[in-house]
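Numbering (my numbering), first residue to last: -14 to 365. Note that CB positions come from ideal geometry on N, CA and C, so glycine has one too.
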Ligand SMILES: Cc1cc2nc3c(=O)[nH]c(=O)nc-3n(C[C@H](O)[C@H](O)[C@H](O)COP(=O)(O)O)c2cc1C
């Protein structure tokens, strides 16, 4: 039943819905999705029925990570729902966990619009949002209200909150940046099982101070001292040399960091052939192999000392499985939802079980790192 429903939904999405919405500016589509999604998710019986059709349930998908038992290893990556507006809609698609944010300590208007540009042939979004969000205090209040309402359609999935440094004209030196992160950590303390520190947003006016190893070391020492109740995950950049990246991993290993999410958007546009006037950085297919290769090397370097989540260009089961066999315990996606539609999560979940079984694994998690010795082939 689920397979047929997902197949029908994918056909409708790719043949009818996507051609229609791809005629509308992506900023408008994104804003509309949040407004309409917030309304639709009040229809909780509809969400429950849709989840039955879309989600793929199988004990072989159950995944242990961060002390949690997840129904599957697939999560929403940061950025689609910054202010926790549509958790019910996202849960309905069949994810095992969600990421909200990135949020910042001060309310942040983000960069001047446009924020998005589509590259349909590359299956990529050029993202230039610059961390627009309602601020950590507002998101904390929203999470408290959801918990008090105790609506399982909105609150039953485990989630991370992604925290970034505020991107505005008041941003100062490294000390100010550390203070900014710690304010958010304190505001959100205890409100989620996991906090993700986004140190790698490529769309800010002050750059990425905390992808320098010394600055990251100081930031993580301050977060250690703040001692939030959550486990800490770092969102990693995609554009560093392996030597630089490895230094960042080593800094993480010196602190109270439980895991890494690899990777953020791609900066370089080599081979993309796009208008240089378009501002922003690339999601989707152009990030896929780049991020899987960084993940593989990180797994070989850090082993099971860190829980790795692979993200970048995951549109089908094979892409997700490649990240798992390279060393990812968890796999996240954002652009896959945009380019393949809401049935993509359940479809990937079903394909993952088949791919793992074909390799002789009873559980998908048993396949983690099983091909980490083989470099990811370039371009795919
Ligand atoms: C619409 C959009 C907004 C994003 N916003 C954020 C963000 O706020 N914080 C963050 O860490 N990453 C953000 N990202 C990056 C994604 O989390 C992810 O690292 C990247 O898009 C690669 O995954 P994908 O190919 O599945 O989209 C955003 C990506 C997209 C497409």
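Residue -3 is classed as exposed because its beta carbon has fewer than 16 other beta carbons within 10 Å across all chains shown. Between residue 96 and residue 80, the CB-CB gap reaches or exceeds 9 Å. Residue side-chain check: residue 183 places its Cβ nearer than 8 Å to a non-hydrogen atom of ligand 1. Taking every protein chain shown into account, the CB of residue 273 has 16 or more other CB atoms within 10 angstroms, so this residue is buried.
When DSSP reads this structure, residue 111 sits in a beta bridge with 102, 267. With fewer than three CB-CB distances shorter than 8 Å, the segment 115 to 128 does not count as touching the segment 42 to 58.
Here residue 244 has 218, 291, 292 as same chain residues with Cβ atoms under 6 Å from its own Cβ, once five neighbours each way along the sequence are excluded. Residue 231 and residue 32 have their C-alpha atoms roughly 43 Å apart. Of the heavy atoms belonging to ligand 1, at least one sits nearer than 8 Å to the Cβ of residue 321. According to the DSSP secondary-structure assignment, residue 147 is paired through a beta bridge with 181. Boundaries of the alpha helix (DSSP H) harbouring residue 169: 159 to 172, taken from the DSSP string. In this structure, residue 220 has its beta carbon less than 8 Å from a heavy atom of ligand 1.
The DSSP-derived three-state label of residue 190 is coil. Per DSSP, the unbroken alpha helix (DSSP H) holding residue 37 starts and ends at 29 to 39. Between residue 337 and residue 312, the CB-CB gap reaches or exceeds 9 Å.
Burial is judged here by how many other beta carbons sit within 10 angstroms of a residue's own beta carbon; residue 196 has at least 16 and is buried.
When rounded, the separation of the alpha-carbon atoms in residue 200 and residue 345 is 44 Å. Residue side-chain check: residue 149 places its Cβ nearer than 8 Å to a non-hydrogen atom of ligand 1.
For residue 63, the secondary structure class from DSSP, reduced to helix, strand or coil, is coil. Distance check between residue 209 and each of 123, -1, 296, 182 places 182 closest, using alpha-carbon atoms only.
Secondary structure note for residue 309: it is in no beta strand (DSSP E), and the uninterrupted alpha helix (DSSP H) holding it is 302 to 311. Note on geometry: alpha-carbon atoms of residue 17 and residue 268 lie some 20 Å from one another. Distance check between residue 302 and each of 342, 283, 278, 281 places 342 closest, using alpha-carbon atoms only. The count of Cβ pairs closer than 8 Å, one atom from the segment 128 to 148 and one from the segment 9 to 23, stays below three, leaving the stretches out of contact. Residues of the same chain with a CB within less than 6 Å of the CB of residue 354, apart from the 5 flanking positions on each side, are 284, 312 in chain order.
Nearest Cα to residue 280 within the set 356, 175, 186: 356.
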